[in-house]
Amino acid sequence: MEVLAVFQVEWKPLADPQLKLMAKRLVLPLVFMFLLVIPGMTADGPDAGESEFVFARLMYGAGRGGFRFGSRWATDSPAADHKFMYGIKRLSNVNVSQEFSPIRIMDPALFDYPYIYIVEPGSLYFSDEEAKRMREYFDRGGFLHMDDFWGLYERQNAFDQIRKVFPDRRIEELPITHEIFHTFFDVTQVMQIPNVRNGCAGGPYWERRDDILPRIYGIKDEHDRVVAVITYNSDLGDAWEWMDEPCYPEMLTAQSYRMGLNFIIYAMSH
Amino acid sequence: MRIFEFFFKYTPIIYQKGHLAFQLLGSPAWFILFILAAAAGAFFAYRKVARDKYSIGLVVLRAITFTILAFIFLRPVLNISTVLPQESYLAVVIDNSESMKIKDDGQTSRADQLQAQLQSTNFFKRLSDKFKVRTYRFDRDAERIENMGRMTYEGKRTRLESATDLLNQELGTVPLSGVVLITDGVDNASKQWSESLSKLEARHIPFYTVGVGTENIVRDAEITKVSAPRESLKESTAVVDISYRSHGFSGRKATLYVRENNVLLKSEEVTLPPDGEIAEKSIDLPVKNEGSRIFSFSLQAQGDRIPENNSLDALVEIKNDHPQILYIEGEPRWEFKFLRRAVQDDPNIRLVTLLRSSQNKFYRQGIDKEEMLAEGFPKEREELYQYKGLIFGSIESTFFSQDQLKNVVDFVSNRGGGFLMMGGRNSFAGGRYQNSPIADILPVQMAPEASTPIIGRLKLAITDYGRTHPLMKLSAGADKNVKEWSDLPPLNDFNKTLDAKVGGIVLARGQTDTRGSSDPILLAYQRYGRGRTMALASGSTWRWQMEMDHEDQTYELFWKQVLRWLVNTSPDPVMITSDKDTYLPGEPVRIYAEISNKKFERMNNAKVIAKVTNPDGITETIPLDWNGSQDGTYRTELNAGGPGIYRVEVEAAQGNENLGTNRAAFQVQDRPVEFYNASLDTRLLQGIASSTDGHYYPLARLGDVPDDAVYVEGQTSFVEQKELWDVPFLFMLLCLSLAGEWFWRKKLGLA
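Going down the list, the protein sequences come from chains V and R. Counting in numbering that gives the first Met the number 0, the first sequence runs from 0 upward without gaps. Counting in numbering that gives the first Met the number 0, the second sequence runs from 0 upward without gaps.
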């Protein structure tokens with residue numbers, strides 16, 4: 000959930016207090032640079048080499064505050080991306096790329112990546128041009144996982160934006176019997192996957208009081224295939240990222256990896 | 000008087016049939032002594048000539064002179080058998096079929112030409128002076144007629160054996176001196192003509208064959224053959240090959256029309272080939288609705304003198320079949336997803352997939368029973384043979400047991416299934432298939448060193464063969480089709496293979512930017528046993544889907560065509576076919592069935608019946624019998640009834656086990672076959688004359704027949720002697736040899 004968390008992974012090996020202090024002094028400038036530069040950089044496109052599956056993270060703009068300063072597309076990255084892909088590689092036959100792979104909506108290379116991940120769509124904003132491009136992406140066969148947004152306000156924003164892409168489609172809650180929960184692991188219940196702070200604190204796991212239950216939504220195409228899966232009131236990204244954090248419940252980490260792998264297998268088979 | 004008779008006094012047939020004799024010699028062999036004596040005399044005459052003036056040519060000329068003189072003075076004759084007037088019969092057999100109405104010159108029909116010739120030569124009167132003449136007409140059947148007024152020239156078919164059968168029957172016991180056969184030589188219905196003819200040959204009855212018409216009809220365009228698939232899957236494209244030829248239209252344009260129920264489906268312009276040569280044109284017909292469909296193909300050229308031979312039909316049985324294809328994929332890949340999507344809306348392809356999502360985990364899709372593929376890739380043949388097509392994705396050969404790999408080979412060679420290997424990191428040499436049984440069935444040879452796919456952008460380029468192959472057809476026009484292929488986004492990988500095998504056909508190659516590298520094979524196929532195999536050496540055609548507008552259907556079309564091609568010729572356990580798809584009324588229809596059990600083992604002791612339903616809806620049940628020579632092949636024969644579509648359903652059972660059923664259809668059409676391939680068949684008529692010791696005459700020489708036909712050996716013949724001493728040619732030769740010798744002698748100063 001937190002951008003800072005990206006770097007906590009990298010801090011963990013630094014046991015020496017002096018090194019820790021030096022590192023902490025570097026944190027803020029680095030974070031600032033990351034927020035400032037990375038979202039605005041021109042991507043050359045993610046890895047398009049030998050790997051079959053690329054976990055492409057969509058670089059999106061924000062509705063308020065402008066693209067550079069309000070967007071949270073990079074949340075949990077790149078640690079979540081690396082660790083999740085490492086897990087997928089270990090658990091399955093998917094030939095995954097280990098590269099951090101951000102991709103802009105308007106980048107021509109978008110269509111090289113039939114799977115994209117959007118984090119924190121509570122601040123998501125699609126211009127008309129971007130919405131049109133996203134629709135084309137889905138119509139060609141692309142798949143989206145949207146994750147880590149909480150409460151009614153953020154849900155409203157996320158749904159408003161996704162409806163720009165799919166004005167003709169319903170956003171519907173997917174029953175746990177849906178195929179997308181059973182392509183690799185049999186997931187039998189929807190668990191709330193908390194951020195690392197709530198997870199380590201032992202609860203409550205929700206983040207916004209106005210709506211506390213986790214739900215998984217989907218958008219289907221004309222052949223009844225799910226083309227977008229939306230994990231609302233859950234933060235799979237944090238669970239992927241903090242899979243090696245002792246205080247984070249292992250059961251929730253396992254659930255998030257299982258769900259994520261199921262989504263990938265579904266996306267690669269439907 | 001013709002030239003031959005001017006020089007040789009008699010007609011050729013007298014020399015052909017007569018035997019040389021000398022009235023002053025016991026045997027013609029003695030004449031050799033006279034030749035030797037003539038040579039000796041000539042040598043003696045020139046013995047005293049000086050050496051410088053001597054020439055062997057003078058001796059030869061003198062010897063020729065002596066020989067001719069000896070020949071003349073020995074009273075040479077030709078002994079020839081001649082019939083006694085009115086003591087024997089002569090049959091005149093005249094073609095009564097429709098082809099006699101053809102106007103070869105555009106003005107006068109063959110029948111009218113014949114009639115004119117009969118009258119101008121006083122044919123029947125002259126024959127009647129010497130023979131008891133019996134006249135017959137024949138087409139499909141033969142009958143005796145009293146006069147030419149009974150000729151109708153309406154016969155729909157020509158069966159020469161009908162005439163010879165009748166002659167054997169009616170004139171088998173009377174002295175028959177010969178048969179005059181007047182026809183254009185078009186025989187389109189005889190079954191055992193040579194057997195029937197041999198009975199007359201045995202009686203030494205000569206045939207005087209008279210050819211009506213011309214060998215090269217001027218200004219005629221004709222469809223000679225239409226080759227269409229006997230059956231095709233619904234919503235697919237049937238490729239029909241049309242053969243046509245022409246006379247007098249070389250290089251000119253004509254239009255080929257395709258109609259169904261008189262509704263024009265397609266028309267294409269073709270260039271007519273040089274005289275007599277056969278050209279071919281392939282036409283793609285999208286077929287949507289199931290059932291027995293009759294497509295009519297016609298060729299129209301301006302100024303065509305025989306429009307009756309411009310059309311042919313093809314019957315295509317469009318089946319709403321659902322062949323199953325098993326696709327095993329060793330790892331989740333985008334090609335897997337997009338391939339499944341591409342054929343998802345194809346009602347006639349059932350794609351069953353087995354995806355190995357982890358080392359020991361499989362994800363099954365497209366199954367209709369829970370137990371289907373529950374144990375993974377089929378271990379038993381019977382289970383594998385349920386499918387008509389098989390696709391290997393990126394999955395290494397060591398995943399399969401040796402038995403499973405052998406089963407796959409048998410699946411292709413024996414069951415007749417289609418096999419496709421797609422590119423990937425565990426495909427071809429990357430999957431170590433080069434040392435497996437699968438190497439035998441693939442259309443390409445594998446490069447052992449190419450263990451991983453080569454990553455890099457490459458464009459697909461169709462080969463010359465691919466340009467015309469229906470599998471590679473993205474749009475109707477040839478140029479547009481090539482452009483569509485070249486406009487496709489590049490692929491991202493390929494498995495390097497070596498050359499295609501001897502029987503392998505390369506449809507597409509890759510074009511890379513790498514200098515010096517040869518264009519790798521991307522798509523190739525071959526036949527293997529009863530089945531067919533294909534190699535697609537890339538796993539990234541899905542980019543044609545993601546990198547082109549979502550409305551573009553190229554990816555879907557390509558894969559639908561590939562999968563349909565894969566299963567199009569895969570047989571069912573019960574297969575049924577007939578020797579043709581269109582018959583004439585009364586023509587024999589041969590129905591064949593190939594019967595196998597579920598393991599595709601041919602069954603020779605099955606009970607096989609055909610239910611044939613005629614156009615009036617009346618069903619007749621006919622048993623089929625094992626043909627005794629080919630395993631699992633059964634046959635029966637029936638006679639075609641009236642015009643219309645006949646439906647055949649074959650059921651096979653062995654004991655209590657039902658082996659299956661299958662359906663087919665054939666058409667009976669009363670088409671004008673007499674106008675097809677209607678040129679005068681001189682070779683046939685000359686062959687008949689030659690084998691019966693008769694003679695062939697063009698129609699213009701019809702008048703020779705009454706004179707020649709009298710020279711026949713037999714009980715009603717006597718031997719007539721034709722003197723040869725006064726043959727003009729002998730005197731001319733004598734003069735020439737004397738004059739030649741005189742001039743030569745003069746030149747040498749001897750005269």
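Quick reminder that beta carbons are idealized off the backbone N, C-alpha and C, glycines included.
In this structure, R:H203 lies near R:D692, with their beta-carbon atoms less than 8 Å apart. The C-alpha of R:D551 is placed about 12 Å away from the C-alpha of V:E135. Relative to R:S119, the option among R:E722, R:L749, R:A699, R:E712 whose CA is nearest is R:A699. With a contact defined as Cβ atoms closer than 8 Å, V:R168 and V:I218 qualify at about 5 Å.
By the beta-carbon neighbour count (other beta carbons within 10 angstroms, threshold 16), V:G198 is buried. Straight-line spacing of the CA atoms in R:I520 and V:W205 works out to 57 Å.
Taking a Cβ-Cβ cut-off of 7 Å, the neighbours of R:W333 in chain V comprise E51, P113, M267, given in sequence order. Partner residues in the beta bridge of R:K252, as assigned by DSSP, are R:T270.
For the region 234-257 of chain V, the set of residues with a beta-carbon nearer than 7 Å to any beta-carbon of chain R is empty. The three-state secondary structure of V:L212, taken from DSSP, is coil. Secondary structure at R:P11: helix, using DSSP grouped into helix, strand and coil.
Bridge partners of V:N232 according to DSSP: none are assigned. The count of Cβ pairs closer than 8 Å, one atom from the region 404-424 of chain R and one from the region 529-536 of chain R, reaches three, so the stretches are in contact. Going by DSSP, R:Y633 is part of the beta strand (DSSP E) stretching over 632-638. With its beta carbon less than 8 Å from one in chain V, R:E546 belongs to the interface.
Residue-level contact by beta carbon holds for V:S91 and chain R, with a gap shorter than 8 Å. V:Q188 is classed as exposed because its beta carbon has fewer than 16 other beta carbons within 10 Å across all chains shown. Every alpha helix (DSSP H) stretch that sits fully inside the region 315-371 of chain R and reaches 4 residues is listed by chain position as 333-341. Annotation: Cβ neighbours of V:E135 in chain R (cutoff 7 Å, chain order): H549. Residues S249 of the same chain have their beta carbon placed closer than 6 Å to that of R:P273, with the five preceding and five following residues left out of the count. Annotation: the continuous beta strand (DSSP E) that includes R:G210 extends over 206-210.
The DSSP assignment places complete beta strand (DSSP E) segments of no fewer than 3 residues inside the region 453-479 of chain R at 453-461, in order along the chain. For V:H177, no Cβ of chain R is located within less than 8 Å of the residue's own Cβ.
Around the beta carbon of R:T254, fewer than 16 other beta carbons sit within 10 angstroms, so the residue counts as exposed.
By the beta-carbon neighbour count (other beta carbons within 10 angstroms, threshold 16), V:M250 is exposed.
Under the three-pair Cβ rule at 8 Å, the region 209-218 of chain V counts as touching the region 170-177 of chain V. Proximity of V:I264 to chain R, defined by a Cβ-Cβ separation below 8 Å, is satisfied.
Contact between the region 394-410 of chain R and the region 475-492 of chain R is absent: fewer than 3 CB-CB pairs across the two stretches fall below 8 Å. Rounded to the nearest angstrom, the gap between the Cα atoms of V:V118 and V:F262 is 15 Å.
Distances from the CA of V:A266 to each of V:V226, V:P193, V:E153, V:Y256 were compared; the closest alpha carbon is that of V:V226. Taking 8 Å as the upper bound for CB-CB distance, R:G430 and R:E395 are in contact here, some 4 Å apart.
Under the DSSP assignment, R:H203 falls outside any beta strand (DSSP E); it carries neither an H nor an E label. Neighbours of R:L353 in chain V, taken as residues at a C-beta separation under 8 Å, are lacking, since the least C-beta distance is about 11 Å. Just so you know, the alpha carbons of R:L701 and R:G686 end up roughly 18 Å apart. Across the region 216-237 of chain R, no CB contact with chain V closer than 8 Å is found for any residue.
Of the residues assessed, R:W741 falls on the exposed side of the cut-off, its CB having fewer than 16 other CB atoms within 10 angstroms.
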